Amino acid sequence: MNYNLQHIPVKEIMPGYHAKMIHGEKLSIAYWNVEKGAQVPEHSHEHEQVMQVLEGQFEFTVDGVTKIYNPNDVVVIPSFAVHSGKALTACKLMDVFSPVREEYK
(Lines of atoms letter the chains of each structure in order from A and count residues from 1; the text may use other names and numbers.)
(Lines give C-alpha, C1' and ligand atoms only; values in the text may rest on other atoms or scores of the structure.)
Protein backbone atom coordinates (compact mmCIF):
# COMPACT_ATOMS: atom_id res chain seq x y z
CA MET A 1 0.00 0.00 0.00
CA ASN A 2 1.23 3.53 -0.76
CA TYR A 3 0.74 6.67 1.31
CA ASN A 4 1.25 10.39 0.95
CA LEU A 5 1.53 12.20 4.29
CA GLN A 6 -0.33 15.23 2.91
CA HIS A 7 -3.45 13.06 2.54
CA ILE A 8 -3.42 11.33 5.93
CA PRO A 9 -5.80 12.91 8.45
CA VAL A 10 -4.35 14.27 11.70
CA LYS A 11 -5.47 12.76 15.02
CA GLU A 12 -4.83 14.39 18.40
CA ILE A 13 -3.79 11.28 20.33
CA MET A 14 -3.23 13.18 23.59
CA PRO A 15 -3.23 16.91 24.40
CA GLY A 16 -0.68 18.67 22.23
CA TYR A 17 0.30 15.53 20.26
CA HIS A 18 -1.05 15.56 16.70
CA ALA A 19 -0.25 12.46 14.64
CA LYS A 20 -0.50 11.13 11.14
CA MET A 21 -0.56 7.35 11.51
CA ILE A 22 0.41 4.55 9.15
CA HIS A 23 -0.26 0.94 10.13
CA GLY A 24 1.27 -2.18 8.60
CA GLU A 25 0.74 -5.80 9.56
CA LYS A 26 3.38 -5.76 12.32
CA LEU A 27 4.16 -2.11 13.01
CA SER A 28 2.77 1.41 13.26
CA ILE A 29 4.48 4.66 12.32
CA ALA A 30 3.46 7.98 13.85
CA TYR A 31 4.52 11.35 12.45
CA TRP A 32 3.94 13.81 15.30
CA ASN A 33 3.59 17.57 15.42
CA VAL A 34 4.00 18.35 19.11
CA GLU A 35 3.12 21.63 20.75
CA LYS A 36 5.74 23.32 22.96
CA GLY A 37 5.29 22.19 26.56
CA ALA A 38 3.14 19.16 25.72
CA GLN A 39 3.91 16.20 27.94
CA VAL A 40 3.60 12.44 27.73
CA PRO A 41 3.04 11.07 31.23
CA GLU A 42 5.14 8.22 32.53
CA HIS A 43 3.90 4.93 31.06
CA SER A 44 4.97 1.65 29.52
CA HIS A 45 3.56 -0.68 26.87
CA GLU A 46 4.29 -3.98 25.19
CA HIS A 47 5.43 -2.25 22.01
CA GLU A 48 9.07 -1.79 21.17
CA GLN A 49 9.38 1.85 20.12
CA VAL A 50 11.95 3.79 18.11
CA MET A 51 11.67 7.59 18.30
CA GLN A 52 13.49 10.06 16.04
CA VAL A 53 13.49 13.82 16.57
CA LEU A 54 12.97 15.48 13.19
CA GLU A 55 12.72 19.09 14.44
CA GLY A 56 12.92 20.82 17.83
CA GLN A 57 14.11 19.71 21.27
CA PHE A 58 12.46 16.91 23.20
CA GLU A 59 13.20 15.89 26.79
CA PHE A 60 12.77 12.14 27.15
CA THR A 61 13.10 9.88 30.18
CA VAL A 62 13.57 6.12 29.76
CA ASP A 63 13.90 3.92 32.85
CA GLY A 64 14.75 6.94 35.01
CA VAL A 65 17.42 8.42 32.71
CA THR A 66 16.53 11.85 31.29
CA LYS A 67 18.20 13.34 28.22
CA ILE A 68 17.48 16.16 25.80
CA TYR A 69 17.20 15.06 22.19
CA ASN A 70 17.73 17.20 19.10
CA PRO A 71 17.15 16.71 15.35
CA ASN A 72 18.51 13.41 14.04
CA ASP A 73 18.72 11.88 17.52
CA VAL A 74 17.14 8.42 17.76
CA VAL A 75 16.04 6.57 20.90
CA VAL A 76 15.18 2.87 21.13
CA ILE A 77 12.68 2.10 23.88
CA PRO A 78 12.43 -1.59 24.79
CA SER A 79 9.10 -3.29 25.43
CA PHE A 80 7.68 -2.42 28.86
CA ALA A 81 10.36 0.22 29.60
CA VAL A 82 8.93 3.07 31.68
CA HIS A 83 9.20 6.35 29.76
CA SER A 84 7.86 9.90 29.57
CA GLY A 85 8.60 13.05 27.62
CA LYS A 86 8.13 16.78 27.18
CA ALA A 87 8.46 19.04 24.15
CA LEU A 88 10.90 21.81 25.12
CA THR A 89 10.08 23.51 21.80
CA ALA A 90 7.51 22.78 19.13
CA CYS A 91 8.69 19.43 17.74
CA LYS A 92 8.29 17.05 14.88
CA LEU A 93 8.90 13.45 15.90
CA MET A 94 8.59 10.08 14.24
CA ASP A 95 7.80 6.94 16.21
CA VAL A 96 7.85 3.36 15.00
CA PHE A 97 6.01 0.82 17.15
CA SER A 98 6.00 -2.96 16.95
CA PRO A 99 3.57 -4.64 17.18
CA VAL A 100 0.82 -2.41 15.72
CA ARG A 101 -0.62 0.23 18.09
CA GLU A 102 -4.23 -0.91 17.70
CA GLU A 103 -5.48 1.87 20.00
CA TYR A 104 -4.12 4.46 17.55
CA LYS A 105 -6.18 3.15 14.61
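In terms of my numbering, the sequence shown is residues 88 to 192. Glycine included, C-beta positions come from ideal geometry on N, C-alpha and C. Treat the numbers as computed from the prediction; the structure is a model and nothing was measured.
- The segment 122 to 133 makes contact with the segment 158 to 171; the number of CB pairs closer than 8 Å reaches 3 or more.
- Each residue's CA atom was taken as its position, placing Ala174 and Ile116 some 19 Å apart.
- Your pair Gly124 and Glu146 does not check out as a contact, with CB atoms roughly 11 Å apart and the cut at 8 Å.
- For Ala174, the beta-bridge partners assigned by DSSP are Phe145.
- In the same chain as Gln139, and ignoring 5 residues on each side of it, the C-beta atoms closer than 6 Å to its own belong to Val161, Met181, in chain order.
- Taken through DSSP and simplified to helix, strand or coil, His94 comes out as helix.
- Spatial neighbours of Glu112 in its own chain (CB-CB distance under 8 Å, excluding positions within 5 residues in sequence) are listed in chain order as Val187.
- In this structure, the CA atom of Gln93 is about 26 Å from the CA atom of Tyr156.
- Here Tyr104 is buried. Its C-beta has 16 or more other C-beta atoms within 10 Å.
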